[in-house]
Amino acid sequence: MAPPLRLRPASDSSLLVEVADQIGLDASALVHAWLSFLQRAAPPWLVDVHPAYTSLLVEFDLALVGHGEVAAWLGERAALVEPVSALAPRVVELPVRYGGDDGPDLPALAVHTGLTVEQVVQLHSSADYLVAFIGFLPGFPYLLGLPTALRAPRLASPRAKVPAGSVAVADLQAGVYPVDSPGGWRVIGRTRRALPEGWVVPGDRVRFVVEPATDRGTA
Amino acid sequence: MSALQVLHAGLATCAQDLGVRGHAHLGVARGGAFDARSHMLANLAVGNAPDATALEVLLQGPRLAVHAPCVAAWCGAPFEVDVDGATLPPLVARALVPGQLLRVGRCALGARCTLAFAGGVVAVRGAPLVVGGKLALGPAAKQHHARPSPPPRFSEAVIRVRVTEGVHTARFPAASRTTLASATFLVDAASDRRGARLTGPPIDVPPGDLVTVGVTAGALQVTPSGQAVVLGVDRATTGGYPVLAHVIRADAWLLGQLRPGASVRFEHVSFDEARRLWREGDRCG
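Residue numbers (numbering that gives the first Met the number 0), protein chains in the order written: chain F, 0 to 218; chain L, 0 to 284.
See below:
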């Protein structure tokens with residue numbers, strides 16, 4: 000049985016619904032169960048839903064309802080929402096050039112974690128990642144599965160531009176920037192593979208494959 | 000049939016409607032007009048539905064040559080707008096004829112206005128105006144009869160933006176909430192449709208990183224360096240910086256009018272008050 004919902008206003012017209020305490024597969028399954036439920040139920044006051052690791056942000060029409068009504072609606076239906084087991088997921092492999100100009104934050108991450116650069120690359124690329132949800136930008140996957148040894152905070156000041164294809168980490172999160180974008184995560188490598196909207200969906204698995212230096216061609 | 004030709008595109012004129020809803024789970028933000036209130040009023044003035052596509056003008060506007068009869072109106076910051084040199088006031092629908100020149104100049108206060116044409120502009124959301132380009136308009140619809148609201152008023156005074164608590168407010172030290180309520184902030188030049196960066200006294204953030212959560216336009220985040228950023232219409236759909244406050248729905252349109260260099264103060268209101276302000280207003284925007 001799922002833990003009780005924790006609900007908090009996030010603005011005058013949105014409510015943060017926390018469905019789990021810990022990031023993980025169970026939390027993601029429950030988040031997506033709630034997302035599907037809301038999309039199918041389509042209450043007239045529903046404006047938009049932002050899924051994340053352990054929560055959903057529910058935007059509502061302030062002319063029709065307030066936090067109390069939305070909270071009551073969700074609470075009454077919580078027992079109906081059950082995690083769905085995933086269909087056979089795709090595995091998407093991304094070749095990655097780590098470090099150098101493609102991974103400007105790799106050396107600092109090694110220092111922060113007390114590992115060598117080679118160890119960081121080996122740990123990051125040997126993990127098996129699950130796409131927990133899409134957010135931030137179309138096609139930006141929030142990945143589960145980052146080894147805890149690589150945990151480090153976001154950059155103190157976000158970059159105005161992170162190049163498309165950049166592979167990045169922040170805290171226990173991992174992701175890939177599908178297009179040029181501002182970003183505050185630590186960039187440790189870059190893939191040349193095109194990442195169009197829909198290149199992965201929640202439930203897919205992602206593997207990062209080290210691109211050998213000899214494949215880089217001439218400078 | 001193209002009704003107008005672009006002689007001068009202006010600083011950053013683009014086609015906007017009121018954006019999309021229901022796609023945040025795909026990472027697609029709402030987008031659309033930053034000052035949605037002015038957008039709706041300008042459209043209503045020319046008989047369009049409020050969400051018709053129109054031109055969003057930033058700081059300095061376009062010069063358009065009229066090639067076919069059309070009807071235009073505008074609303075937003077106090078821009079200088081004229082037709083062949085004759086001033087066009089806000090929210091007045093003016094019939095334009097071939098050979099005329101529609102000029103949108105600058106504004107001394109605020110940042111944006113919407114220039115609407117009867118029938119709507121045929122363009123993709125976000126498409127920039129390009130010199131030499133042509134503007135096609137849709138067929139003018141039957142008149143929408145809407146009680147006109149007055150255009151927004153601008154003054155030299157400090158802009159007051161009302162906010163409620165945000166999702167992480169309780170985690171912040173009390174001093175941070177005091178700073179937000181008492182300081183005057185300046186809108187940084189590096190502000191755009193994704194968000195307004197504010198310059199002011201540094202704000203202490205809660206310790207530790209936060210798990211990414213969904214965010215909406217109007218969220219006031221604080222970066223690790225203590226800078227406040229108010230998210231705009233093109234912001235990301237999720238974020239991990241702590242949210243200290245959130246702009247109320249009724250003041251969301253103001254975010255599209257934050258001019259670089261303008262002074263801003265934040266006034267805290269309760270959720271009940273924020274709801275009352277929206278429901279008792281004209282709900283435009």
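We put the beta carbon where it would ideally sit given N, CA and C, even for glycine.
Report the option in the options whose CA atom is closest to the CA atom of residue i.
i, options, result
"Gly46/L", "Phe33/L, Ala92/L, Arg124/L and Leu25/L", "Ala92/L"
"Val5/L", "Glu272/L, Leu63/L and Val82/L", "Leu63/L"
"Pro138/L", "Ala180/L, Ser148/L and Gly119/L", "Gly119/L"
"Glu164/L", "Ala23/L, Leu219/L, Ser190/L and Val19/L", "Leu219/L"
"Arg20/L", "Pro43/F, Ala26/F and Arg7/F", "Pro43/F"
"Thr178/L", "Thr237/L, Gly255/L, Val263/L and Asp271/L", "Val263/L"
"Leu24/F", "Ser125/F, Gly144/F, Arg39/F and Val57/F", "Gly144/F"
"Pro88/L", "Leu243/L, Gly75/L and Ala8/L", "Gly75/L"
"Gly18/L", "Ala8/L, Asp34/L and His7/L", "Asp34/L"
"Gly260/L", "Val121/L, Val82/L, Val229/L and Ala188/L", "Ala188/L"
"Gly194/L", "Ala174/L, Ile202/L and Trp252/L", "Trp252/L"
"Arg105/L", "Ser148/L, Pro61/L and Ala94/L", "Pro61/L"
"Leu122/F", "Pro3/F, Val209/F and Ser27/F", "Val209/F"
"Ala77/F", "Leu154/F, Ser124/F and Leu34/F", "Leu34/F"
Please report the straight-line C-alpha distance between residue i and residue j, rounded to a whole angstrom.
i, j, result
"Leu105/F", "Ile187/F", "5 Å"
"Leu136/F", "Arg189/F", "17 Å"
"Ser180/F", "Ala11/L", "19 Å"
"Pro201/F", "Pro146/F", "20 Å"
"Leu174/F", "Phe139/F", "In the sequence on display, residue 174/F carries Gly and not Leu. Computed Cα separation, rounded: 7 Å."
"Arg152/L", "Pro77/L", "8 Å"
"Arg89/F", "Thr112/F", "31 Å"
"Ala67/L", "Gly84/L", "19 Å"
"Glu17/F", "Ala32/F", "13 Å"
"Ala249/L", "Pro211/F", "55 Å"
"His267/L", "Val162/L", "5 Å"
"Glu81/F", "Pro50/F", "16 Å"
"Phe265/L", "Ala180/L", "6 Å"
"Leu142/F", "Ile133/F", "9 Å"
"Ala226/L", "Thr198/L", "At residue 226/L the sequence reads Gln, which differs from the Ala that was named. Each residue's Cα considered, the two are about 7 Å apart."
"Gly67/F", "Leu15/F", "13 Å"
"Val56/L", "Arg150/F", "44 Å"
"Ala41/F", "Thr237/L", "22 Å"
"Ala235/L", "Pro97/L", "42 Å"
"Ser1/L", "Gly30/L", "26 Å"
"Arg191/F", "Gly164/F", "6 Å"
Does the Cβ of residue i have 16 or more other Cβ atoms within 10 Å, making it buried, or fewer, making it exposed?
i, result
"Leu79/F", "exposed"
"Gln99/L", "buried"
"Asp170/F", "buried"
"Thr217/F", "Any answer about Thr217/F is weak, because its pLDDT of 44 lies below 50 and its placement is not dependable; what the coordinates show is given next. Exposed: under 16 other Cβ atoms inside 10 Å."
"Thr222/L", "buried"
"Gly74/F", "exposed"
"Pro130/L", "Looking at the sequence shown, residue 130/L is not Pro but Val. Burial call: exposed."
"Arg159/L", "exposed"
"Asp101/F", "buried"
"Gln38/F", "exposed"
"Val80/L", "buried"
"Gly207/L", "exposed"
"Val157/L", "exposed"
Under 9 Å between the Cβ atoms of residue i and residue j?
i, j, result
"Gly239/L", "Thr215/L", "no"
"Val166/F", "Val95/F", "yes"
"Ala53/L", "Ala14/L", "yes"
"Asp233/L", "Arg196/L", "no"
"Arg170/L", "Pro241/L", "yes"
"Ala289/L", "Pro200/L", "Nothing in the structure corresponds to residue 289/L, since chain L is present only between 0 and 284."
"Leu101/L", "Ala71/L", "yes"
"Arg204/F", "Leu129/F", "yes"
"Arg258/L", "Leu58/L", "yes"
"Leu114/L", "Trp73/L", "yes"
"Arg36/L", "Gly284/L", "yes"
"Val246/L", "Ser10/F", "yes"
"Gly255/L", "Ala110/L", "yes"
"Gly213/L", "Ser54/F", "yes"
"Leu194/F", "Pro177/F", "yes"
"Glu58/F", "Leu25/L", "no"
Could you tell me which residues DSSP puts in a beta bridge with residue i?
i, result
"Arg29/L", "Beta-bridge pairing links Arg29/L to no other residue."
"His49/F", "Leu56/F"
"Phe184/L", "Val263/L"
"Ala173/L", "According to DSSP, which records beta bridges pairwise, Ala173/L is partnered with nothing at all."
"Arg192/F", "In DSSP, Arg192/F forms no bridge with anything."
"Leu136/L", "Val120/L"
"Gln172/F", "Ala169/F"
"Gln15/L", "Ala53/L"
"Ile22/F", "In DSSP, Ile22/F forms no bridge with anything."
"Gly194/L", "Asp191/L and Leu230/L"
"His245/L", "Thr163/L and Ala218/L"
9 Å is my cut-off, CB to CB: does residue i come that close to chain A?
i, result
"Ile187/F", "In summary, chain A is missing from the structure at hand, where the protein chains are F and L."
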